[in-house]
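**Student:**
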Amino acid sequence: MNSYIVKILEAFFITHDVKRFLVEKPEGYDFIPGQATDVSINLPQWKDILRPFTFTCLREMKYLEFTIKIYNERNGVTKMLGRMNKDDELILHDVFGAIEYKGPGVFIAGGAGITPFIAIFRDLYKKNLINGNVLIYSNKTHEDVIMEPELQKMLKNNFIRLFTRENVVGFRSLRIDRNYLIDVIGDFGQNFYVCGPDEFVANVNKLLLDLGATPETIVIEK
133 MNSYIVKILE
143 AFFITHDVKR
153 FLVEKPEGYD
163 FIPGQATDVS
173 INLPQWKDIL
183 RPFTFTCLRE
193 MKYLEFTIKI
203 YNERNGVTKM
213 LGRMNKDDEL
223 ILHDVFGAIE
233 YKGPGVFIAG
243 GAGITPFIAI
253 FRDLYKKNLI
263 NGNVLIYSNK
273 THEDVIMEPE
283 LQKMLKNNFI
293 RLFTRENVVG
303 FRSLRIDRNY
313 LIDVIGDFGQ
323 NFYVCGPDEF
333 VANVNKLLLD
343 LGATPETIVI
353 EK
């Protein structure tokens, strides 16, 4: 497995618990929008602890970007990343990932599961190919939404926000269930892209299959 030591160029919070990292891009390092890499922290006690994070930048950028949810309640990698700043070092590894764009469809994200979709949407928007795609984005509360203004700009009326723990004026407050999918989607012969916590992905995947989608048209992280 290849590894690359890179410096953090910028690090800043974009929500109360989500931090954006811009890091050096190794020469020849490339990815397909939606893919990820294992990341570790270049410190003796952390360098062998790898965690997967998705690239959220455009692939032609001269830097790499990660948008990472910080879990301060866990004494783990993201808590440590929350303390890291410019000129600290990370270790990147080989690129992997099964979430690849196959054509227009419905993207269903739960919480930080939006991250594989960010690079895909940015790439499509730049190429003027984003029309025909819909994003259903579920979060606990409005303050948990990642990159809301940019997603709104790119997807316009095809950006649907759901909240499971609060009522927000102008937005729907409910969970994704069978009835919701029937009401909002209707056509289950199109492409679906699903990412989020394991239980969220398993539940949505089962609902889609039960409603007529096929395994070939549902893209999830393997």
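With this note's numbering applied, the sequence shown corresponds to residues 133 to 354, in that order.
For every residue, glycine included, the Cβ atom is placed at its ideal position computed from N, Cα and C.
A quick note: this is a predicted structure, and the numbers were derived from the prediction, not measured.
Counting pairs of Cβ atoms below 8 Å between the stretch 262-274 and the stretch 286-295, do you hit three or more?
**Tutor:** In short, these stretches touch, since the Cβ pair count reaches three.
**Student:** Determine the extent of the alpha helix (DSSP H) in which I252 is found, giving its start and end residues.
**Tutor:** 247-258
**Student:** So T186 packs on T247, CB below 8 Å; how close in whole Å?
**Tutor:** 4 Å
**Student:** Looking at E192 and V138, is the spacing between their C-beta atoms short of 9 Å?
**Tutor:** Taking 9 Å as the Cβ cut-off, V138 and E192 do not qualify as a contacting pair.
**Student:** With H, G and I counted as helix, E and B as strand and the rest as coil, what does DSSP make of L341?
**Tutor:** helix
**Student:** For K285, is the beta carbon positioned less than 8 Å from some heavy atom of the ligand NAP?
**Tutor:** Absent from the structure shown: the ligand NAP. Ligands present: none.
**Student:** Judging by CA-CA distance, which residue of A334, Q322, L287, N323 is the nearest neighbour of D309?
**Tutor:** Its Cα nearest to that of D309, the residue A334 stands out among A334, Q322, L287, N323.
**Student:** At the level of alpha carbons, what is the spacing between Y203 and D162?
**Tutor:** 28 Å
**Student:** Apart from the five residues just before and just after I262, which ones in its own chain have a Cβ nearer than 8 Å to its Cβ?
**Tutor:** F253, L256, M286, L287
**Student:** Whose C-beta lies closer than 7 Å to the C-beta of I164 among residues of the same chain, with five residues either side of it excluded?
**Tutor:** E232
**Student:** So is A244 buried or exposed if we call it buried at 16+ other beta carbons inside 10 Å?
**Tutor:** buried
**Student:** If we require 3 or more residues per run, which beta strand (DSSP E) segments fall completely within the stretch 165-198?
**Tutor:** 168-173, 183-186
**Student:** Give, in chain order, every unbroken run of the beta strand (DSSP E) that is at least 3 residues long and sits entirely within the stretch 310-342.
**Tutor:** 323-327
**Student:** Is the CB-CB distance between V209 and V150 below 9 Å?
**Tutor:** no
**Student:** So is N265 buried or exposed if we call it buried at 16+ other beta carbons inside 10 Å?
**Tutor:** Buried is the call here.
**Student:** Can you check DSSP and say which residues form a bridge with F291?
**Tutor:** Listed as beta-bridge partners of F291 by DSSP are L267.
**Student:** Quick one: grab the DSSP three-state call for L283.
**Tutor:** helix
**Student:** Which of the three DSSP states, helix, strand or coil, is assigned to L261?
**Tutor:** Looking at L261 - three-state DSSP - the assignment turns out to be coil, as it is neither helix nor strand.
**Student:** For G243, which three-state DSSP category applies?
**Tutor:** helix
**Student:** Going by other Cβ atoms of all chains shown within 10 Å of its Cβ, with 16 needed for buried, is D276 buried or exposed?
**Tutor:** buried
**Student:** Whose CA, out of L267, K259, M216, M279, lies closest to the CA of T188?
**Tutor:** M279
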